[in-house]
Structures are given as structure tokens and as C-alpha cells.
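Accompanying notes for the structure given below.
In our numbering, the protein residues as written are 17 to 140.
Here it is as C-alpha cells:
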């Protein structure tokens, strides 16, 4: 992402207020960087807070952009896989809490069906 923005490592580190070597370690994927320093990467790369830490944990970043209709506000879009997973988790938990006698496979099928229906309706 840094390269897409035309930033050198040195310039990106300066903008983030962290050392050049710290930025290099973060880009290298090491988890041996203080989390507050990793968090400083997000605004430089145009990501929602927590995105850089999420990458180190195997997740995708959440890009943000300024909302044209509300100056000073940002808009972020979660990756589709995150939304699908979150919807499935909520449905599974709700099903477990309210329905008795369903097998794990039936709960998974119910969750998958709900995600398909929500997508077909354009809600996710």
C-alpha cells in the first residue's frame, strides 16, 4: 500500500512518527514491534484504526476515505469475507441461544442460507 501511495519507507516512517527501522520491521511482518507503533501506520496508509495490527494477525486491512458529504468524516468498507464471517457468527450464536435440538451442521447450513439470502437482497 505504501508503494501505491508513492511513499518511500523513510517518508512513511516520518509521517507515522516512527523510526525507519521500525517501519521496515512492520513491513517485514514481525510481531516484535510495540503495538502503539504499529497503530501509527494506519493513518499514513489510509486504513481504519487497527488495520496494520490486523494484518500482522492474518486479517485484511480496512481502507478508509473521506466522506464527501461530511467533511472531516471517514468512510470505511470492511472486506466482504469479514462481513460474511461476522453475519455467520451472529446467526450461529443466536441459533444456539434460542433453538434446541439443532445439530452443528444444521446451524451452519442455517447461517450459510441467511448469508446467501442477505446477499441476494443486496444487504451484504
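In this text, a Cβ means the ideal position worked out from N, Cα and C, and glycines have one as well.
From a predicted model like this one, the values you see are computed outputs, not experimental measurements.
If residue i sits next to residue j, beta carbons under 8 Å apart, how far is it from one beta carbon to the other, in whole angstroms?
{"i": "residue 36", "j": "residue 25", "result": "6 Å"}
{"i": "residue 126", "j": "residue 61", "result": "No, residue 126 and residue 61 are not in contact; Cβ-Cβ is about 38 Å, not under 8 Å."}
Tell me the residue span of the alpha helix (DSSP H) that contains residue i.
{"i": "residue 42", "result": "36-43"}
{"i": "residue 48", "result": "Note, residue 48: premise wrong, no alpha helix (DSSP H); not H, not E."}
{"i": "residue 135", "result": "120-136"}
{"i": "residue 64", "result": "First-last for residue 64: undefined, no H or E at that position."}
{"i": "residue 27", "result": "25-32"}
Are the Cβ atoms of residue i and residue j separated by less than 9 Å?
{"i": "residue 79", "j": "residue 64", "result": "yes"}
{"i": "residue 71", "j": "residue 53", "result": "no"}
{"i": "residue 101", "j": "residue 130", "result": "no"}
{"i": "residue 73", "j": "residue 97", "result": "no"}
{"i": "residue 45", "j": "residue 58", "result": "no"}
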